Each structure stands twice: as C-alpha cells, then as structure tokens.
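Following: one structure in structure tokens, then a few remarks.
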Amino acid sequence: MAHEAHHGDAHAHAHWDTSVWPFVISFGILFLALAFSLHFVYHASFAAILTLGLAFPLIIAGVAGWTSEAMGKGEGLSYGAMGWFILAEAMIFISFFVAYWYTKLHVEVWPPAGNVTLPKVLPLVMTFVLVSSSLTIHYAEHLLHVGNKGGFRIWYLLTMILGATFLGMSIYEWSHLIGAGFTISTNAFSTIFFSVTGLHGSHVVVGLAIFMAGLPSVMRGDDIDEGFMRTAGLYWHFVDIIWFFVVSQIYYW
Amino acid sequence: MNLKEWIFTTDHKRVGILYLIGSLAAFAVAGIMALLMRAELSTIGPTITANPTNYNVWLYTHGAVMILGFQIPALTGFFANFCIPLMIGAKDVAFPRVNALSVWLFYVGVILALLTFFIPDPPDIMWTGYPPYSTITTGNTAMYSFTVLILGFASIIGGVNFLTTVAYMRAPGITLNKLNIFVWCTLGAFVLQLIFVPVLGTAVSLISMDKYLGTNFFDPAKGGDVLTYQNLFWFYSHPAVYVIFLPFIGVVFEVLSSHARSAVFNYKMVVYGGIGGIVLLAGEVWVHHLYVSGMADWLRIGQMVTTLMISIPVGLMMISLVGTLYKSSIAFTTPMLYALGVVFLFLIGGLTGIPLAVPSLTLAVSDTYYVVGHFHYVMAVAGTFSIFAGIYHWFPKFSGRMYNEFWGKVGFWLTFIGSNVVFWTMMDIGVDGMPRRYYDYAHFPQFESAHQLMTAGAVVLGLGFAIAVLNWIIGAMKGPPAGDNPWGSPSLEWTTVSPPPHGNWPTPPSVAEDWHPYAYKKG
Numbered sequence: 681m682a683h684e685a686h687h688g689d690a691h692a693h694a695h696w697d698t699s700v701w702p703f704v705i706s707f708g709i710l711f712l713a714l715a716f717s718l719h720f721v722y723h724a725s726f727a728a729i730l731t732l733g734l735a736f737p738l739i740i741a742g743v744a745g746w747t748s749e750a751m752g753k754g755e756g757l758s759y760g761a762m763g764w765f766i767l768a769e770a771m772i773f774i775s776f777f778v779a780y781w782y783t784k785l786h787v788e789v790w791p792p793a794g795n796v797t798l799p800k801v802l803p804l805v806m807t808f809v810l811v812s813s814s815l816t817i818h819y820a821e822h823l824l825h826v827g828n829k830g831g832f833r834i835w836y837l838l839t840m841i842l843g844a845t846f847l848g849m850s851i852y853e854w855s856h857l858i859g860a861g862f863t864i865s866t867n868a869f870s871t872i873f874f875s876v877t878g879l880h881g882s883h884v885v886v887g888l889a890i891f892m893a894g895l896p897s898v899m900r901g902d903d904i905d906e907g908f909m910r911t912a913g914l915y916w917h918f919v920d921i922i923w924f925f926v927v928s929q930i931y932y933w
Numbered sequence: 035m036n037l038k039e040w041i042f043t044t045d046h047k048r049v050g051i052l053y054l055i056g057s058l059a060a061f062a063v064a065g066i067m068a069l070l071m072r073a074e075l076s077t078i079g080p081t082i083t084a085n086p087t088n089y090n091v092w093l094y095t096h097g098a099v100m101i102l103g104f105q106i107p108a109l110t111g112f113f114a115n116f117c118i119p120l121m122i123g124a125k126d127v128a129f130p131r132v133n134a135l136s137v138w139l140f141y142v143g144v145i146l147a148l149l150t151f152f153i154p155d156p157p158d159i160m161w162t163g164y165p166p167y168s169t170i171t172t173g174n175t176a177m178y179s180f181t182v183l184i185l186g187f188a189s190i191i192g193g194v195n196f197l198t199t200v201a202y203m204r205a206p207g208i209t210l211n212k213l214n215i216f217v218w219c220t221l222g223a224f225v226l227q228l229i230f231v232p233v234l235g236t237a238v239s240l241i242s243m244d245k246y247l248g249t250n251f252f253d254p255a256k257g258g259d260v261l262t263y264q265n266l267f268w269f270y271s272h273p274a275v276y277v278i279f280l281p282f283i284g285v286v287f288e289v290l291s292s293h294a295r296s297a298v299f300n301y302k303m304v305v306y307g308g309i310g311g312i313v314l315l316a317g318e319v320w321v322h323h324l325y326v327s328g329m330a331d332w333l334r335i336g337q338m339v340t341t342l343m344i345s346i347p348v349g350l351m352m353i354s355l356v357g358t359l360y361k362s363s364i365a366f367t368t369p370m371l372y373a374l375g376v377v378f379l380f381l382i383g384g385l386t387g388i389p390l391a392v393p394s395l396t397l398a399v400s401d402t403y404y405v406v407g408h409f410h411y412v413m414a415v416a417g418t419f420s421i422f423a424g425i426y427h428w429f430p431k432f433s434g435r436m437y438n439e440f441w442g443k444v445g446f447w448l449t450f451i452g453s454n455v456v457f458w459t460m461m462d463i464g465v466d467g468m469p470r471r472y473y474d475y476a477h478f479p480q481f482e483s484a485h486q487l488m489t490a491g492a493v494v495l496g497l498g499f500a501i502a503v504l505n506w507i508i509g510a511m512k513g514p515p516a517g518d519n520p521w522g523s524p525s526l527e528w529t530t531v532s533p534p535p536h537g538n539w540p541t542p543p544s545v546a547e548d549w550h551p552y553a554y555k556k557g
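If you read the sequences in order, they're chains G and D. Per the numbering used here, the first sequence starts with residue 681, numbered consecutively. Per the numbering used here, the second sequence starts with residue 35, numbered consecutively.
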C-alpha cells in the first residue's frame with residue numbers, strides 16, 4: 681500500500697504518504713445523503729438532482745482513482761480482511777431475517793392481506809445458476825493457480841455470464857410481481873420480500889463489479905494476483921450461500 | 035507544516051490525530067447541548083426557550099453526538115489508531131487508505147449530525163429513533179439514519195482494518211500473551227462492532243424506508259410490528275456500551291500500570307476471563323432494555339440472569355485494576371488521577387446498575403432520572419475520564435511536549451466534583467420519582483432545588499473539561515520537550531522518538547525473549 685515504498689528508508693521523516701481518494705469518496709457520500717433528504721424530506725427534487733450531480737462524480741472518481749492507485753500493490757492481507765468484512769455483511773442479512781421471523785411469529789394474522797403466490801420453479805433455476813457460478817469461479821481460481829491463463833479467462837467470463845443471468849432472472853421476476861400489483865408497499869411480507877431479494881441482488885451487483893474491475897487485466901492476459909482472485913471468490917461464495925437462506929426462508933416458508 | 039499532508043494523510047498517527055480533533059469538537063458541541071438542557075431545567079417553566087422542540091433537538095444531539103461522535107471515535111478512532119501499530123511494532127495499519135476513508139467518513143457523519151442546527155424540521159427522535167414516532171414525525175428522520183449509517187460504516191471498515199493489522203503485522207516476538215491489554219480490549223470492541231453495527235445500520239435504515247420509501251416493517255395495519263425495531267436497535271446498542279467500555283478500561287489498564295510502575299495483576303484473567311467473557315455475553319443481554327415494552331416472563335428471567343452474569347467479567351477486571359495498585363509505587367500524575375477516578379466512578383456506576391438488571395426493580399425506576407444518573411456514571415463520566423486519562427498519558431508521545439501538571443490537576447478535581455454533584459443527585463431524585471426526558475417539571479416542584487444544584491454542578495463539570503482541553507492546546511504549542519519515555523514504561527510505543535516519524539521506527543523493532551509490556555524495572 682501507500683506507505684510501503686518508504687519502509688526502511690533512513691529519511692522516512694522527510695515524506696508522509698497521502699491519498700486524496702478517501703477524502704473525495706467521503707464527501708461524495710455526504711452529498712448522497714443530502715440528496716436523499718432534499719428529495720424525500722423537503723421535496724426539493726431539482727436541488728436533489730444537482731446534489732446527486734456532485735455526489736456521483738465524486739464517488740466514481742474516488743473509486744476509480746483509488747483502484748488505479750492500489751491495483752497490483754496488494755499486500756496479501758485482503759483475504760483475511762474479507763473474512764471479517766463478510767462477518768459484518770452476514771449480520772446485515774441476519775438482521776433482515778430476524779426482523780422477518782420476529783414479525784411473522786409475533787403478529788396474529790400471517791400472511792397479511794394482499795399476498796400473491798410466489799413462483800416455485802424460478803427460484804430453483806436461479807439457485808442452479810448461482811451455485812454453478814460459485815463452482816466456475818472456484819475452477820477458475822484453480823486454473824490460475826496452475827498457470828493455465830487461457831482456461832482461467834474462459835471460466836472467469838463464464839462466472840460473470842452466470843452472475844448476470846441470475847440478475848436478469850431476478851429483474852424478470854420483480855417486474856412480473858410489480859406488474860401483478862405486488863409492490864414493496866403492499867404489506868409486511870412484500871416489504872420483506874423486496875428488501876431481502878433486493879439486498880441480495882445488490883450484493884450480486886457488487887460481486888460483478890469486482891469481476892468487472894479485474895476484467896481488463898484478465899482480457900489482456902496480465903499476471904493476475906492470486907490473492908485478488910481468492911478474495912473475490914470468497915465474496916462470491918458468500919453471496920451464493922446467502923441465496924440458500926433467501927430461497928428457503930422467503931420462497932418456501 | 036504541510037496542510038495537504040494532514041488532510042490527505044494515510045499515516046495511522048495522523049489519522050488518529052484527525053480523529054482526536056474531530057471527536058473533541060463533537061464533545062464540545064454535545065457538552066454545550068447538555069449545558070443548554072441544564073439551563074432550561076434550572077427553573078420550572080420555560081427558562082431559556084419556550085419551544086419544547088428545541089429541548090428535544092438538544093437531547094437528540096447530546097446523546098447521538100456524545101456516543102457516536104465523541105466516545106466511540108475517540109476510543110476506537112484516536113487511541114486505536116495512534117497506539118495499536120506502535121504497541122505491536124508495526125510501521126502502519128494493514129490498509130492505510132481504508133483508514134483515511136474511515137476518518138473522513140467520521141467527519142462526514144459529524145457534519146450531518148451538526149447540520150441538525152441549520153436545517154428546517156431537524157430530527158427530534160432522540161438517539162434511539164423508536165417507531166412509530168420516528169416514522170410519522172415531521173422531523174427529518176433521514177438525517178438521523180444517514181448519520182448512523184455513515185458512522186457505522188466508518189467503524190466497520192476501521193474494525194476490519196485493525197483486526198487484520200493485529201493478526202498479521204505484529205513485530206517478531208510479540209506473541210498473543212504479550213499484547214498490551216489495550217490492544218486486546220480494542221480487538222474485543224472491534225469484533226463486537228463487526229457483529230453488531232450492521233444490525234443497527236439495518237434498524238435505522240428500516241425506519242427511513244418505512245417513512246420515505248413506503249415499506250411496512252413497522253406498520254401494524256399492513257402486518258408489521260413496531261417491537262421489531264426495539265429488538266434490532268438494542269441488539270446493537272447494548273453491546274455498544276461494551277464497544278465503549280472495553281477500550282476505555284484498556285486505557286485505564288495502561289495508565290494505571292504505567293504510573294503505578296506495576297505489572298497488570300493477573301494478565302491472563304483479564305484477557306481471557308474479562309475481555310473474552312464480555313465479548314461472549316455482550317449479545318445476550320439486550321432484552322433488558324425492553325422490560326417495560328412487554329414480553330413473556332420467562333424471557334425476562336433469562337435476560338435478568340445473563341445481565342447479572344456480565345458483572346462477573348467486569349468484576350474480574352476491577353479486581354485486576356485494584357490488584358495492580360497493591361504494593362506498587364503510585365505517582366499521582368494527572369493521567370493517574372483520571373484513571374483512579376474511573377475506578378471509583380465506574381464502581382458506583384456498576385453497583386447502581388445491578389438493580390436495573392432485575393425486572394421488578396426496573397419497572398419501578400425505568401424512565402426516571404435514576405437510569406440517567408446510572409448510565410452517566412458508567413458511560414459518560416467513567417468513559418470520558420478514561421479518554422482524558424489516555425490523552426494525558428500519551429500526550430508526550432503524540433505531541434512531543436509536556437502538558438501543565440498543575441492545571442491538569444485543577445481540571446481533574448473540578449470535573450470529579452462536578453460530575454458527582456450532577457449524577458449522584460440525578461439518581462437520588464430519580465428514585466424519588468423524577469421522570470426523565472421532560473422539558474418541564476411543573477408537576478414535580480419538589481425537585482426544583484435539586485435541579486438547580488445539578489445545573490451548578492454541570493457548570494463546574496464543564497469548566498473542568500474546558501481547562502483540560504485548553505491545557506492540551508497550550509501544551510501542544512508551548513509545552514517543554516517531553517523526551518521519548520517520560521513515564522519509564524517498557525511498552526513498545528515508548529521506544530521510538532516523540533513524536534514518532536512516518537514509519538514509526540527507522541528499523542523495524544523486535545523484542546527480547548523476556549520482554550513484556552508490563553515488565554517494569556524495580557527501584
């Protein structure tokens with residue numbers, strides 16, 4: 681990381697490492713928060729759009745700058761850090777599930793009025809697709825480890841395609857349900873359904889974004905950091921495992 | 035001094051100093067809110083404002099900013115950042131940029147909290163944000179949600195960073211049984227943060243989703259349940275007291291052992307019994323905040339048992355603190371006075387907490403000043419005293435200069451007396467029936483003189499804090515050079531120069547076989 685070059689330097693005093701990107705991202709997030717208030721609380725939508733116009737460029741520039749600054753300088757610690765991060769992520773999902781169980785077991789009438797029957801086959805197909813993508817990324821890691829770059833590229837791409845397919849099916853299902861009048865505001869169950877599947881979907885998007893960040897190097901055939909692949913793979917397996925809970929709790933119980 | 039190298043810094047010591055500046059600014063603002071409330075309560079009827087909403091906004095800002103803007107960032111931001119890499123002999127943290135991101139997100143969170151004073155319809159939902167009020171009020175609930183989410187995210191990435199740092203970046207020879215107690219305490223706090231902050235983040239997101247995005251988590255008419263929120267909220271917010279308690283008691287261990295020149299009594303008991311016990315029990319006691327909200331009796335009994343059980347690991351730590359002092363050579367320096375103050379005040383706070391674990395007693399004193407007095411002893415006063423002890427203790431290290439010992443002691447005694455006047459009186463009138471959170475107490479005229487006494491105490495308290503902060507500012511600018519190790523401590527952070535350069539040591543340190551952070555030379 682940033683400080684590394686100066687380790688052991690007798691004149692370490694002379695130079696303090698800096699990076700502007702954390703600062704830029706933070707203030708992007710500030711404007712994002714303000715935009716939400718402007719639109720939803722004060723109904724000043726034009727001001728909200730202007731604020732978003734500040735927020736998004738800052739966040740995107742910050743993430744891009746950070747990525748290009750840090751790419752290829754990993755210290756091999758990100759795998760351990762990802763484990764801790766996943767603990768925190770898992771707790772978010774657990775909170776939603778607990779809110780669901782608590783509400784469901786605590787109220788007198790369940791399901792609440794206005795429910796529809798959820799599809800039973802589509803979630804199974806989605807499970808199949810997502811589990812396959814977990815296997816393909818695992819195989820890709822293996823190919824990278826043994827040095828088969830061509831094979832690695834194919835299985836890497838296949839993982840991305842499977843992830844995108846999953847996302848497509850999710851969108852298809854959402855649009856059908858919303859078309860049938862089952863929206864996030866219908867009742868407590870629809871609220872849980874859309875927020876949990878939406879939260880999971882957003883994690884799929886983040887996973888795909890991580891793969892996207894590595895894509896140029898993969899296509900060029902550069903040396904890919906195995907630590908990066910193991911970290912990205914760990915995250916992807918986590919997203920996969922969470923889906924089992926989503927299917928079993930939301931669709932089948 | 036190059037300002038750019040401060041604002042965009044990724045160095046853990048400078049990030050720590052940024053945390054310190056921000057959290058002290060937050061402390062000042064939240065402290066002024068407390069003084070405004072005390073001024074309002076000094077007479078029956080409107081005193082300094084005729085608008086009760088103003089009082090609610092002060093109450094909201096005082097609570098939210100003291101906990102999320104001052105104590106947690108000062109302890110897990112400043113102390114963790116400044117001390118942990120130095121204590122484990124690392125040149126920096128594992129992810130310096132992530133560290134910089136966490137401090138700037140903290141500033142963004144504080145800015146959002148302070149905007150409360152400038153926006154129309156400020157948040158007026160306390161720091162707890164209970165629905166249904168938070169989802170129907172005209173106040174800006176979104177601001178509250180985003181403040182908590184951003185500060186929470188900052189502390190999650192900070193936690194990931196430090197757990198990775200201590201796991202992989204210790205200098206050769208520093209085994210797990212040779213970590214400073216403070217490092218162990220902070221690790222425990224970060225594990226708790228990683229487990230529980232996401233739950234708080236979810237809880238506060240849900241109220242804003244219900245209010246602005248049309249979801250039905252807490253709307254009984256659509257099948258929702260308001261108590262879901264209280265459970266999610268306290269599932270974090272009770273462990274949050276351990277997130278504050280663990281690092282602050284860690285600071286007290288460092289200061290006490292250093293200024294008494296005595297090894298921590300029964301190190302392994304503290305680490306495995308005390309810290310381990312708290313981390314294991316932290317998540318099993320939250321329901322005692324819901325005794326009054328209503329639940330099955332068997333749940334109340336179970337939660338009473340776990341709540342009482344948590345006094346065991348805390349008790350082990352208190353035994354160790356007192357045992358450390360036994361037959362030691364105590365120097366009554368300013369940091370030592372604050373640390374001894376914590377031992378004393380935390381004992382009062384801890385003992386007055388035991389009745390609150392028992393449902394039959396809690397039902398009587400819940401929502402009275404007794405509860406307010408109790409948690410101010412445990413959290414506010416003991417926590418803040420330990421932060422002050424730590425700042426004084428490491429002041430020579432991070433500034434390279436010495437504070438003024440005389441004014442340090444004056445500040446200590448003023449705060450010590452002031453806080454006892456305020457919070458002891460609170461517990462007293464609480465038992466007599468003074469309800470908490472009231473803007474006016476026309477129905478309780480018998481408490482007016484007690485309220486006036488507390489207001490006077492609060493002024494003394496505020497004066498003491500102000501003297502301490504001024505002492506640091508003047509000391510950092512004009513104090514005499516402190517030297518590298520003014521306290522004669524064997525702990526690793528004192529082996530480098532003061533203030534430490536970028537990279538901390540010219541060559542990476544290593545420790546001898548018989549080294550221990552508490553191995554003081556006799557004599």
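Just so it is clear, CB atoms sit at the ideal spot from N, CA and C, and this is done for glycine as well. Here the structure is a predicted model, which means the values were calculated and not measured.
Residue i at chain G interface by Cβ criterion, 9 Å
i                         : result
asparagine 250 of chain D : yes
tryptophan 320 of chain D : no
isoleucine 145 of chain D : yes
arginine 334 of chain D   : no
Interface flag, residue i vs chain D, CB-CB below 9 Å
i                            : result
methionine 771 of chain G    : yes
tyrosine 915 of chain G      : no
tyrosine 722 of chain G      : yes
glycine 901 of chain G       : no
glycine 760 of chain G       : yes
tryptophan 854 of chain G    : no
valine 700 of chain G        : yes
phenylalanine 832 of chain G : no
histidine 786 of chain G     : yes
tyrosine 931 of chain G      : no
Alpha carbon of residue i to alpha carbon of residue j, nearest angstrom
i                            : j                            : result
methionine 32 of chain D     : glycine 496 of chain D       : The question about residue 32 of chain D has no answer, for chain D in this structure spans 35 to 557.
phenylalanine 918 of chain G : isoleucine 766 of chain G    : 7 Å
tryptophan 923 of chain G    : glycine 328 of chain D       : 34 Å
valine 289 of chain D        : serine 136 of chain D        : 27 Å
glycine 50 of chain D        : cysteine 117 of chain D      : 9 Å
threonine 172 of chain D     : alanine 84 of chain D        : 19 Å
histidine 410 of chain D     : threonine 175 of chain D     : 26 Å
glutamate 547 of chain D     : serine 525 of chain D        : 14 Å
glycine 881 of chain G       : serine 870 of chain G        : 16 Å
leucine 379 of chain D       : glycine 794 of chain G       : 56 Å
serine 433 of chain D        : aspartate 466 of chain D     : 48 Å
histidine 408 of chain D     : phenylalanine 457 of chain D : 8 Å
glutamate 482 of chain D     : leucine 185 of chain D       : 38 Å
methionine 177 of chain D    : leucine 802 of chain G       : 39 Å
histidine 485 of chain D     : alanine 60 of chain D        : 25 Å
asparagine 867 of chain G    : tryptophan 790 of chain G    : 11 Å
serine 699 of chain G        : tyrosine 403 of chain D      : 48 Å
Beta-carbon separation (whole angstroms), residue i vs residue j, contact threshold 8 Å
i                         : j                            : result
leucine 838 of chain G    : phenylalanine 832 of chain G : Not confirmed; about 11 Å, so no contact.
isoleucine 890 of chain G : valine 898 of chain G        : Actually they are not in contact, since the Cβ atoms of isoleucine 890 of chain G and valine 898 of chain G sit about 12 Å apart, beyond 8 Å.
valine 305 of chain D     : methionine 351 of chain D    : Valine 305 of chain D to methionine 351 of chain D, Cβ: 10 Å. No contact.
valine 809 of chain G     : phenylalanine 777 of chain G : About 22 Å; that fails the 8 Å criterion.
The ligand FMN heavy atom lying under 8 Å from the CB of residue i
i                      : result
alanine 889 of chain G : Looking for the ligand FMN in the displayed structure turns up nothing, as the structure carries no ligands at all.
*Any 3 or more C-beta pairs closer than 8 Å across the region 251 to 259 of chain D and the region 273 to 290 of chain D*: These segments do not touch.
*Assess, as a yes-or-no matter, whether the region 120 to 130 of chain D is touched by the region 534 to 552 of chain D under the definition of 3 or more beta carbon pairs within less than 8 Å.*
yes
*Contact between the region 70 to 80 of chain D and the region 460 to 474 of chain D: three or more CB pairs below 8 Å?*
yes
_the region 339 to 359 of chain D touching the region 197 to 206 of chain D, judged by at least three CB pairs closer than 8 Å_ = no
_contact_flag[the region 382 to 396 of chain D, the region 236 to 250 of chain D] where n(CB pairs < 8 Å) is 3 or more_ = no
*Could you say if the region 99 to 119 of chain D and the region 417 to 428 of chain D meet the contact criterion of at least three C-beta pairs nearer than 8 Å?*
yes
*Inter-stretch contact (C-beta, 8 Å, three-pair minimum) for the region 353 to 368 of chain D and the region 291 to 298 of chain D*: Between the region 353 to 368 of chain D and the region 291 to 298 of chain D there are three or more inter-stretch CB-CB distances shorter than 8 Å, so the stretches are counted as touching.
*Answer yes if the region 138 to 148 of chain D comes into contact with the region 91 to 105 of chain D, meaning at least three C-beta pairs across the two stretches below 8 Å, and no otherwise.*
The way I'd put it, the region 91 to 105 of chain D does touch the region 138 to 148 of chain D; three or more beta-carbon pairs between them come closer than 8 Å.
*Meets three-Cβ-pair contact criterion under 8 Å: the region 447 to 458 of chain D and the region 512 to 524 of chain D*: no
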